[in-house]
Amino acid sequence: MEQFEQVFEDFERLEDSRNRATGGTGLGLSLAREIIHSQGGRILLENRAPGGLRVSVLLPRTRSDT
Numbered sequence: 015m016e017q018f019e020q021v022f023e024d025f026e027r028l029e030d031s032r033n034r035a036t037g038g039t040g041l042g043l044s045l046a047r048e049i050i051h052s053q054g055g056r057i058l059l060e061n062r063a064p065g066g067l068r069v070s071v072l073l074p075r076t077r078s079d080t
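As numbered in the numbering used here, the sequence shown has no gaps in its residue numbers, which increase by one up to the final residue, 80.
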């Protein structure tokens, strides 16, 4: 979904009920993706039925994990 990619942009918010007056700046997912990518991982967003959002973080295993 195009909105999922958009939400990773700095200061981007998709939900109108969330705004700077109620807290936050819209940097959370942008920073999370940057950190996860720096570790060789991926962050995935997908809609859940009947509603909600599933966020998955995939990180590579290291030799010490085995």
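Here a beta-carbon is modelled for each residue, glycine too, at the ideal position from N, C-alpha and C.
Integer-rounded CB distance, given that residue 71 should sit under 8 Å from residue 50
Their Cβ separation, rounded to whole angstroms, is 6 Å, which keeps residue 50 and residue 71 in contact under 8 Å.
Spatial neighbours of residue 58 within its chain, please: CB distance less than 6 Å, with the 5 preceding and 5 following residues excluded, ordered by chain position.
70
Helix, strand or coil at residue 19 according to DSSP, with G and I counted as helix
helix
Helix, strand or coil: which one does DSSP assign to residue 67?
Under the three-state reduction of DSSP output, residue 67 falls in the strand class.
Shorter than 6 Å, the distance from the beta carbon of residue 55 to the closest heavy atom of the ligand ZN, or not?
Looking for the ligand ZN in the displayed structure turns up nothing, as the structure carries no ligands at all.
Could you check which residue in 22, 17, 67 and 73 has the C-alpha nearest to that of residue 44?
With distances taken between Cα atoms, residue 44 lies closest to 22.
Residues near residue 73 by beta carbon distance below 8 Å, same chain, minus five either side
50, 53, 54 and 55
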